[in-house]
Each structure stands twice: as C-alpha cells, then as structure tokens.
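Here's the structure we're looking at; comments come further down.
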Amino acid sequence: MSSLAPSFATRPGEVHALLGPTNTGKTHYALTRMMAHGSGMMGFPLRLLARENYERLVRAKGRHNVALLTGEEKIVPPNARWFSCTVEAMPLDRRMDFVGIDEIQLAADPERGHVFTERLLHARGRSETLFLGAETMRGLLSRLVPGITIDTRPRLSQLSDAGPLSLNRLPPRSAIVAFSATEVYALAEAIRQRRGGCAIIMGRLSPRTRNAQIALYQNREVDYLVATDAIGMGLNMDVDHVALAGLHKFDGRMTRPLQVQEIAQITGRAGRGMRDGTFGTTGSCPPMSTAMVEAIEGHHFEPVRQICWRQSQLDYSGPEALLHSLQRSPPRPELIAGRVSSDVEVLNALIRDDEIRPLAQGRKATSLLWDVCQIPDFRKIGDGSHARLCGRLFQELLRNGQVPAQWLDGQLRGLDRTEGDIDTLMHRLSGVRICAYVAARQGWMRNGRHWQQRSREVEERLSDALHERLTARFVNKRATALLRRAPTGEEPELLHAVRRDGRILVEGHEVGQIRGFSIEADMPADGAEAALLMRTARKALRQEFPQRVRRFLQSSAEALEWAGNGVLSWQGAPIARLEKGENFFQPALRLLPGEFQDAAQQQSVEAHATRLVTQHLQARLQPFLSLGQKVAGQPALRGLIHRLTEDGGTTPTLAADRQLPRSDRESLRRLGVVIGPRRIYHRPLLKAPLMETMVLLAGLWQGRTLTAPQGGRVSLPASEGAGLPGWIEAGPVWVRIDIAETVLGQLLPRRGASQRQAPPDLASRLNVTPAQLPALLKSLQLRHVPPTPLPAGQFGPPAPLMVQAGRGTARKTAGRREAVPGSAKPKRQPQGRKPLADSPFAGLAAWSGAQPGKLPTPSGTRRTRNKKK
Numbered sequence: 000m001s002s003l004a005p006s007f008a009t010r011p012g013e014v015h016a017l018l019g020p021t022n023t024g025k026t027h028y029a030l031t032r033m034m035a036h037g038s039g040m041m042g043f044p045l046r047l048l049a050r051e052n053y054e055r056l057v058r059a060k061g062r063h064n065v066a067l068l069t070g071e072e073k074i075v076p077p078n079a080r081w082f083s084c085t086v087e088a089m090p091l092d093r094r095m096d097f098v099g100i101d102e103i104q105l106a107a108d109p110e111r112g113h114v115f116t117e118r119l120l121h122a123r124g125r126s127e128t129l130f131l132g133a134e135t136m137r138g139l140l141s142r143l144v145p146g147i148t149i150d151t152r153p154r155l156s157q158l159s160d161a162g163p164l165s166l167n168r169l170p171p172r173s174a175i176v177a178f179s180a181t182e183v184y185a186l187a188e189a190i191r192q193r194r195g196g197c198a199i200i201m202g203r204l205s206p207r208t209r210n211a212q213i214a215l216y217q218n219r220e221v222d223y224l225v226a227t228d229a230i231g232m233g234l235n236m237d238v239d240h241v242a243l244a245g246l247h248k249f250d251g252r253m254t255r256p257l258q259v260q261e262i263a264q265i266t267g268r269a270g271r272g273m274r275d276g277t278f279g280t281t282g283s284c285p286p287m288s289t290a291m292v293e294a295i296e297g298h299h300f301e302p303v304r305q306i307c308w309r310q311s312q313l314d315y316s317g318p319e320a321l322l323h324s325l326q327r328s329p330p331r332p333e334l335i336a337g338r339v340s341s342d343v344e345v346l347n348a349l350i351r352d353d354e355i356r357p358l359a360q361g362r363k364a365t366s367l368l369w370d371v372c373q374i375p376d377f378r379k380i381g382d383g384s385h386a387r388l389c390g391r392l393f394q395e396l397l398r399n400g401q402v403p404a405q406w407l408d409g410q411l412r413g414l415d416r417t418e419g420d421i422d423t424l425m426h427r428l429s430g431v432r433i434c435a436y437v438a439a440r441q442g443w444m445r446n447g448r449h450w451q452q453r454s455r456e457v458e459e460r461l462s463d464a465l466h467e468r469l470t471a472r473f474v475n476k477r478a479t480a481l482l483r484r485a486p487t488g489e490e491p492e493l494l495h496a497v498r499r500d501g502r503i504l505v506e507g508h509e510v511g512q513i514r515g516f517s518i519e520a521d522m523p524a525d526g527a528e529a530a531l532l533m534r535t536a537r538k539a540l541r542q543e544f545p546q547r548v549r550r551f552l553q554s555s556a557e558a559l560e561w562a563g564n565g566v567l568s569w570q571g572a573p574i575a576r577l578e579k580g581e582n583f584f585q586p587a588l589r590l591l592p593g594e595f596q597d598a599a600q601q602q603s604v605e606a607h608a609t610r611l612v613t614q615h616l617q618a619r620l621q622p623f624l625s626l627g628q629k630v631a632g633q634p635a636l637r638g639l640i641h642r643l644t645e646d647g648g649t650t651p652t653l654a655a656d657r658q659l660p661r662s663d664r665e666s667l668r669r670l671g672v673v674i675g676p677r678r679i680y681h682r683p684l685l686k687a688p689l690m691e692t693m694v695l696l697a698g699l700w701q702g703r704t705l706t707a708p709q710g711g712r713v714s715l716p717a718s719e720g721a722g723l724p725g726w727i728e729a730g731p732v733w734v735r736i737d738i739a740e741t742v743l744g745q746l747l748p749r750r751g752a753s754q755r756q757a758p759p760d761l762a763s764r765l766n767v768t769p770a771q772l773p774a775l776l777k778s779l780q781l782r783h784v785p786p787t788p789l790p791a792g793q794f795g796p797p798a799p800l801m802v803q804a805g806r807g808t809a810r811k812t813a814g815r816r817e818a819v820p821g822s823a824k825p826k827r828q829p830q831g832r833k834p835l836a837d838s839p840f841a842g843l844a845a846w847s848g849a850q851p852g853k854l855p856t857p858s859g860t861r862r863t864r865n866k867k868k
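Here you go:
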C-alpha cells in the first residue's frame, strides 16, 4: 500500500479523465490542453503515435520547443517544453504543468498494463493531469484516483454493422484486420489478385515503413488496407469499413476469443469526423453474434474491474532481492499481477548465469543489471539469444562503463543490408531497434548522439527497402489505377491512348497491345480488373481501330507473313487461318476473332485478305497456274493440264499420254511438264523456292501440318516424307518424283531386251542402303535378280543386279492408271514357255521360221502346212 501513498498524499493540480469510444476527438482535445500550458508531457501507447503527435507539436510550437522520447529515439532540445513520449519512456523526474496519458484502458493489458497503471497512480502535472480512454474505466478511475473529474464524449459519427462480406464484395476504403503475420500476407495477396493491391500495417513495421504504407492508402494509390489489431491504437485514417478476418487471437501464450471491447476498439476506426462507418467480418470468419453487434453499435461494454500492477519501488541490494521485490503481491483488490514480462524473464536467466551472478553484487551493479534487462526484446526469437545479448552488454558496462563503439558499429554494419525478402528486412529492423535503444540510453555510449543518428540512418534505409518490397508484392499499380473509383462510387472516366507501336495506355499504365485486330492483355486478369481493362481498352480503340483497318485495306500481298500451319500474320500478329478449299490451289480463309466494330468492317478485312492470298499464290505459282492458258488451243494437252491441277501438280501417266505426238510432248517439255513412266509432273513445282508453298497447300488439303524437306534431299524416311507433294512412296522410303521417274526410265529394259543391268551406284543415287534397295525396286514394280556371288573356287566379279522385263514392269502397266488400293487385281495373262537352247524344240523353231527362243503356236503350224500345200 505504501507505493500508492505518494500519489494520494500530494495532488498537484486537477486530475481529469476524458472517456468515450473511438472518433470522439479525445487526442486532439488533450494536445490542445497541453499546448495551453507553459509545459507538458503526453504518453502514447505506440512509438508511431508518439512520432505522429511530435510532428503536430513541432508544426504548432517549433522544433526547438518540442521533444520526442521513445525507447529508440531521443530528441530533446535544451529548452524543450512540450514532450511527446511513449508511456514507457515518460521522464517522470521532470516536473511539467500538464501530464496526459492516452489509451489508459491498456492498464488492463497483461503484458504492458503495469506501466500504464504506474502512470495512472503516480504521473501528475503541476496544473493538470488528463487520462484518455474507454468508458469502461470510469468506475475504476473513481476508486483509484480520489477527486478525479470524469467527462464522457459521444462518438462523432455512427458505427453500424454491415454483416459478413466476401473479399470480392468489400467496398473501397476498407480495412481488413487479421491477427497474425501469416494471415496478413495471405489476405494481402488475395486482395492484390482481386482488387489490385493494398497497404500493410503491422506492429513489427518501423514508423517510417508504417507511415509510407499509410501514405500509400491515404493518397488513394490503393483502396484497401490489411492490418493487425495495431490499427486500433489511435491510427487516424480514412477508413469507411472495417472487416475482421477472425474473432480469436494468439496473445503470446494461448489463442483466446476477442473481447467485445477489443473488437469495438478495432472496428471503431471506421468513419472519421462526421462520416459514418460500418464493420463486419470477411473471409472464413463467422458473423458476429447479435449481442456483440448491439454492444458495439451502442458502446455498451463490461466495465474494467481490475488492472495489472507491478511494484515500482524496487530493492537493489542484490539480484535476488530485486527479483523478490518485483514479485510482491498487489496492495489493493483492484490491482492484479500481470503476466511475467520479458525483462523479468531476462533477469531470471541472468541470475542463473555463472558468469553474471558473481558480477551483480551491490546496489550499483544490481541497478545496472535491471536497466540492461529492460532492453526490449524486439526480435522475439525465443531461443535465449536476447538474454545472452543483455548479459554481454551488462559485462561491458560494468567493466568499461560503456558499450564499446566497435561492437555497435559491427552490429549496424551487419544489419545495414537491403537485400532479402520481407521477413528478412523485418528481422534486421528489429535488430536495429535494439541498437537504437542502446544508443539512446544516457551514459551507455560515448558520443551517443552520433550512434543514434547512425542507427536512424540504417533504420530508414531498411524501412524504405521494406516499403518497396511490400508495395512490389502486394500492389498492382496498373490494376489499382483501373479499379479506382470516383468518390461518388461511379466508374471514373479513365484516360487512355494508343502508342505508335500499338501499346495501349490507361492512366499512364500499359494494359496491353493491339495485335492484328485483337487486344492482347499484358497479364492474365479476371474479375473486375479484366472487365474494366477490356472496356477501357476498347474505348481506346474507337479511333485507332478504323485507322488500323484502313491501313490493312491499303496493304499489298507482301505485307502478309505465312506460317507452316496456315496462319497468316500482319505486322507480326496472327489475323487469319487458311483451311481446305474447293481445290488444291484455292484454300479457304477464316479470320481470327478481333475487335471489329461491325460486320461490314469484318467482311471488308476478310475479302481483302482473301485477295492478298490469291495474289500471293498466283505470283508464286504463276508458271504452273498459267499452263491452262498456254495450251488453251490444244484439247489433248488441256485435259492433261486439268488433271495436273486437280491432282495437285502430279498425276498418273495414262496410255493416251504415251501416245501423244512428239510435237505435243515437246511443247509440254518446254512448259516444264514431264511425262514419266509412272507419273506426270511439273518440274518447277519441285524446286526449293516453291516447295514450301506446295507443302503448305498439301497440308491444308490433307488436314495436317507438313514440313518441307531440306534442299538437295533425294529420299526421306516414311515419317518425314509421307504426304509431301512431289514425292512418291518407294518401299521403306519416299523418293522425289523426278528422281524416281528418271531412275525408272534408266532401269526399264529396252524394247526387245529381257533384262537390263542396274547401275552399280543405284543405292547411293537414291540415298538408300543396299539392304533397302530390293524393297524399293519391288515397290516400284520392277522385277529384278539380286547380285549372285560366284561359286566356291571361281574368281571374278559377282553377277550384277539385273532388272527384268515382264510382268510387273511399266510395259505391262502402261495402259492402266496406277492401281487404287483395295481394287481387284488384273487377270494374269498366259505366256509361252522359253525352250532350252540345246533342246530339239529350238531347232524346230528355227526350221519353222519362228523367232529364236519362242515356240510356234498351233495356229502358226497350220498356216505353214497350208502354205506347203
């Protein structure tokens, strides 16, 4: 009870409390009251709020009159009269006319509550003391602070429940609140994908990063904010709706339900000034109960009945005595022991350390040990490293009276690196905050101001890098520009343009490109962004598209680019596809989908593209396509050319073709038409410059994609040659038709000869192996006798490959078209036998006047007998 006596015994000045929900103007009122006094001090729950209000005081009173005191920052001009501090850093040894404490209900917090309770009981101004907080503290303040006057302010705007909303339905200017870093990242990524991007607010962010993220939101570069419950502590932003992603939180020890007062503190950030706000849930969070909603809307909450307390009059005679004094029981029933804080945990750990315990003897060493233990554990790793750091600093301070500059320099050098991901940068910032705290402690560092400045510079660099990482990961600037809404909620008229290279710009952001006659978006987009992107891009094309169509209608055939699969491109973009048409040399054309403004525009483009295709084919294939005109006056040749055109440039050789007069055959030869033993073909079509066009047409006609062979190839494997125009199947390979017809003409036995020797280089000429040659000759219907090796004991060259006349040669099939697969085989014709050379029949044949090697027929014998008669 003795620890409360000084506060109650002396009451310098009046003590007031201003209570009420969020958005009542309490903080503004307190700052106004403080500046009305000759000196004053305000304690805030967050370093960010202390910095924010420090800047407000500087603008009002001048930088030389205002001080900033936090754990990591200490800016104290010599004649400072007004102080902005965190509650923990308030210098109670300074006598001020005014003292104010913000968010006094945090005295019930199990971790930090004892600090707020200490200020509530002992911090007083000479003229005025003011406590700001929730209405739930009224009864407790009346009991603990006799004579206090309490005023209540109503909320300036109305707060109402909007119920559960999905992420897709959240209105602009919404804040989504989660209770872990993992949830914050997941929600931020979902918002980026659905709504373009968001700002991030977490307690682990440095003030500079948080300010940059808040500016990102306040400047309407993004319309959404994803935050932890740190948003509930006095951060004033233009939030219209607050959506909770959960109704439970992990408080450091266990996951517990949120109290209604906590939810009200968070959701109360919706609506600023006289503007109303709404709240609700989102994602997988269930809706709030009716009782909870009514309590939040009506600001009716259970009063705070107990607050956390810890002894402030400590025994420094030794570490054990210090620890014992910290564990004393509260003197009143309204005061309870809070959770064991990190400084007590570090003290426990160092007392058990064999190196530290002998050194911590006496009041001075014990007091220093406690000061070191109070270094905040910003990193929160939980592996004992923070206790080891405090132990090392205690030894340095005890032995040398200060922290070595080289140690702090090494720490800052190791942390001053801006590469890495978001969590890495946050971890480094936590390390810098510890360095800044050490540098800010009076008497711990030689030239402490220099090290404070150095720590601040490193923190600013890391903060800027962290802001860039957060923005790059969770903000799609193009999407946010497209999805930005006017204040009235209507879709804005976005500025758009098309560059000369076809890039489409909307609000200065590239959203896609005109390719051919269609729009190609820069990235896969869905939902609202995709719809707005396409609407805006089409608006940009209202003037550009007719000009593009006009340029195409004025283009020539050379402007088209042909692909092997039949796709036609214009200016590097696909616009149409060729398909099988009425005949081989007249493919059909189909336009690809485009942003045509009407059917007439599409039809004009399609008609012009068809004309360009026809012009291109006529120019490329002019020697062949003009054959019909050149033989118009020769009916026999006109029919042959018609067959060539129908069959795609080659046609089977008929008996009538062989009987053409020499003059007609010579005319055809001059035109490039060759009548071979099996096939008739147009020699220019087989040349490399036209082969790609012929292969494309053949692929369209057959309904598949063919690949043109390399120039100079004579034969191809079946997998490469099948279906190629100007190539025929020859057993295991496909052979170019002109080579095959030339070889046939050279191999067939001359008239009157029964066989003919094949050239020794036949396999190499056909680019096949000797083993493949028999199957090749058989496929060409050439009877042959394979080379025969000499019997054993005989010497000399082996018998060569011989091609024989007779059934299966071109002579026996010249009068027919090539057999159609599946048709009936021709009847086998009987043939006379060949007599042996040394038989009597050979002599009889010679005596009767028959040709050598043939037997006379019975009818021939009768004619001989009649003649003799």
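At position 147 of the sequence shown (counting the first as 1) the number is 146 in numbering that gives the first Met the number 0, and the numbers step up by one without a gap. Note that the Cβ used here is the ideal one computed from N, Cα and C, for glycine as well. Values in this document were obtained by computation on a predicted structure and should not be read as measured data.
Can you tell me whether residue i is buried or exposed? The criterion is at least 16 other CB atoms within 10 Å of its CB, across all chains shown.
i	result
Ser328	exposed
Leu204	buried
Phe249	exposed
His240	buried
Phe300	buried
Asp382	exposed
Leu17	buried
Met89	buried
Pro586	buried
Val14	buried
Ile262	buried
Would you check if the distance between the CB atom of residue i and the CB atom of residue j is smaller than 9 Å?
i	j	result
Ile879	Leu667	The question about residue 879 has no answer, for the chain in this structure spans 0 to 868.
Leu872	Val144	This structure leaves residue 872 out entirely; the chain is present only between 0 and 868.
Glu645	Asn582	yes
Pro44	Glu110	no
Pro153	Pro20	yes
Glu99	Arg55	The sequence given here places Gly at residue 99; Glu does not occur at that position. Against a cut-off of 9 Å, the Cβ pair of Arg55 and Gly99 comes out as no contact.
Pro651	Arg677	yes
Leu588	Val612	yes
Could you pull the start and end residues of the alpha helix (DSSP H) that residue i belongs to?
i	result
Thr870	This structure cannot settle anything about residue 870, because the visible part of the chain is limited to 0 through 868.
Tyr216	Pro206 to Gln217
Ser778	Leu772 to Ser778
Ile640	Pro634 to Glu645
Glu605	Ala598 to Arg619
Arg50	Arg46 to Lys60
Ile190	Ala180 to Arg194
For residue i and residue j, which I take to be in contact (beta-carbon distance under 8 Å), what is that distance rounded to the nearest angstrom?
i	j	result
Ala49	Thr85	5 Å
Tyr547	Ile513	Per the sequence presented here, residue 547 reads as Arg, with Tyr not at that position. Arg547 to Ile513, Cβ: 7 Å. Contact.
Gly124	Phe82	Not a contact, Cβ separation roughly 11 Å.
Thr227	Ile200	7 Å
Ala439	Gln451	6 Å
Ile421	Leu465	7 Å
Asp352	Gly390	6 Å
Hey, could you find the ends of the beta strand (DSSP E) residue i is sitting in?
i	result
Trp443	No beta strand (DSSP E) holds Trp443; DSSP gives it neither H nor E.
Asn582	Ala572 to Asn582
Gln754	Gln754 to Gln756
Gly138	No beta strand (DSSP E) holds Gly138; the alpha helix (DSSP H) holding it covers Arg137 to Leu143.
Glu560	Leu559 to Trp561
Ile306	Ile306 to Trp308
Contact criterion: CB-CB distance below 9 Å. Does residue i meet it with respect to chain B?
i	result
Ile421	Absent from the structure is chain B; it holds one protein chain and no more.
Quick test of the definition: if touching needs 3 or more C-beta pairs under 8 Å, does the region 706-723 touch the region 758-778? yes
Three or more C-beta pairs under 8 Å: does that hold for the region 354-370 against the region 305-321? By the Cβ criterion, the region 354-370 is in contact with the region 305-321, since at least three pairs of Cβ atoms, one from each stretch, lie closer than 8 Å.
Is the region 722-740 touching the region 780-796, taking contact as three or more C-beta pairs under 8 Å? no
Between the region 719-729 and the region 691-707, are three or more C-beta pairs nearer than 8 Å? Flag = yes, the region 719-729 and the region 691-707 touch.
Would you call the region 215-222 in contact with the region 255-264, where contact means no fewer than 3 C-beta pairs closer than 8 Å? They do not touch, by the three-pair rule.
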